[in-house]
Amino acid sequence: MIISYEPHKLMRLSRDELLVAIKERREALRYSRDQRGDDRCFLDDYKIWAFVEDTPRFSAYFLNSMPMQVKMSLCVMFYEFCRTEEPDPVSPDAILDSARWNEDIGSMFWEELLGELIKIQQAIVKHRDILDRPRTAQDYRDLYSVLPEKVPADFRLPPREEFLGRAKNGAGCPQFWESHEACLHFCDLHQWGPCGV
Numbered sequence: 001m002i003i004s005y006e007p008h009k010l011m012r013l014s015r016d017e018l019l020v021a022i023k024e025r026r027e028a029l030r031y032s033r034d035q036r037g038d039d040r041c042f043l044d045d046y047k048i049w050a051f052v053e054d055t056p057r058f059s060a061y062f063l064n065s066m067p068m069q070v071k072m073s074l075c076v077m078f079y080e081f082c083r084t085e086e087p088d089p090v091s092p093d094a095i096l097d098s099a100r101w102n103e104d105i106g107s108m109f110w111e112e113l114l115g116e117l118i119k120i121q122q123a124i125v126k127h128r129d130i131l132d133r134p135r136t137a138q139d140y141r142d143l144y145s146v147l148p149e150k151v152p153a154d155f156r157l158p159p160r161e162e163f164l165g166r167a168k169n170g171a172g173c174p175q176f177w178e179s180h181e182a183c184l185h186f187c188d189l190h191q192w193g194p195c196g197v
């Protein structure tokens, strides 16, 4: 469900629609947060940003058609600014049982659900609208902080030569982009190529 982040538009949603929207967004945030190693990728951001109606439509074909040098520069920026040496510590009040991650919204009134959805939408927009500098691991922490379970992300990435180079067969940004070179019309950059040609 793609919706605005403006409160006056969100107020049109029913309680059930609010619940669905919150769960959809939480699922996308958790998917991004829980990626490990070379599965962590800035391309997952587009899945999250797509929940906001004024986000420009993501075109995998357009991104894939960029010169390799441009695509690799995005990978280098992600590696340089979104990588940490150690995993974030687990908070003492973290909820580790995933079956309990949406317990909080089950008993919320309509007004509370609206507030929760607005909070998530605003966090997504804030993350999307960082335009004057590279996104950092802290920006991702801030984005994931809207999740109630307080489970940390692991921002460690493989060694540079594996993530940005060709040191490991079947891994690394150059080989990922090359796997999509034959894609013509349909291209899913959230998985290795080639896609349907």
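Counting in this note's numbering, the sequence shown runs from 1 upward without gaps. By construction, the Cβ of each residue, glycine as well, lies at the ideal position given by its N, Cα and C atoms.
Spatial neighbours of residue i within its chain, please: CB distance less than 8 Å, with the 5 preceding and 5 following residues excluded, ordered by chain position.
{"i": "Lys119", "result": "Val146"}
{"i": "Asp188", "result": "Ala60, Cys195"}
{"i": "Lys150", "result": "Ser91, Asp93, Ala94, Ile95"}
{"i": "Arg166", "result": "Gly172, Pro174, Gln175"}
Strictly by DSSP, which residues pair up with residue i?
{"i": "Ile3", "result": "Val52"}
Would you mind sorting residue i into buried or exposed? The rule is 16 or more other CB atoms within 10 Å of its CB.
{"i": "Tyr31", "result": "exposed"}
{"i": "Val90", "result": "exposed"}
{"i": "Leu131", "result": "exposed"}
{"i": "Gln191", "result": "exposed"}
{"i": "Asp39", "result": "exposed"}
{"i": "Leu10", "result": "buried"}
{"i": "Lys71", "result": "buried"}
{"i": "Leu96", "result": "exposed"}
{"i": "Arg100", "result": "exposed"}
{"i": "Val20", "result": "exposed"}
{"i": "His8", "result": "exposed"}
{"i": "Arg128", "result": "buried"}
{"i": "Ala182", "result": "exposed"}
{"i": "Pro158", "result": "buried"}
{"i": "Arg36", "result": "exposed"}
Quick test of your reading: residue i and residue j, contact by CB under 8 Å. State the CB separation rounded to the nearest angstrom.
{"i": "Phe58", "j": "Ala50", "result": "6 Å"}
{"i": "Gly172", "j": "Leu164", "result": "7 Å"}
{"i": "Met1", "j": "Glu27", "result": "Not really, about 12 Å apart at Cβ, beyond 8 Å."}
{"i": "Leu18", "j": "Leu113", "result": "4 Å"}
{"i": "Phe186", "j": "Thr84", "result": "Wrong, their Cβ atoms sit about 35 Å apart, outside the cutoff."}
{"i": "Ile105", "j": "Ile48", "result": "Actually they are not in contact, since the Cβ atoms of Ile105 and Ile48 sit about 19 Å apart, beyond 8 Å."}
{"i": "Met68", "j": "Trp177", "result": "6 Å"}
{"i": "Glu53", "j": "Ile22", "result": "Incorrect: roughly 16 Å between the Cβ atoms, too far for contact."}
Considering only residues of the same chain and omitting the five flanking positions on each side of residue i, which have a CB-CB separation below 6 Å?
{"i": "Gln121", "result": "Tyr5"}
{"i": "Tyr46", "result": "Phe58"}
{"i": "Pro134", "result": "Met77, Phe81"}
When you measure from the CB of residue i to every non-hydrogen atom of the ligand ATP, does any distance come out below 8 Å?
{"i": "Val146", "result": "The ligand ATP is absent from the structure shown, which contains no ligands of any kind."}
Could you pull out every unbroken alpha helix (DSSP H) segment of at least 4 residues lying fully inside the region 92–166, listed in chain order? 103–106, 110–128, 137–144, 160–163
Counting only runs that start and end within the region 1–86, where is the alpha helix (DSSP H) found for 4 or more residues in a row? 7–10, 15–33, 44–49, 60–64, 68–81
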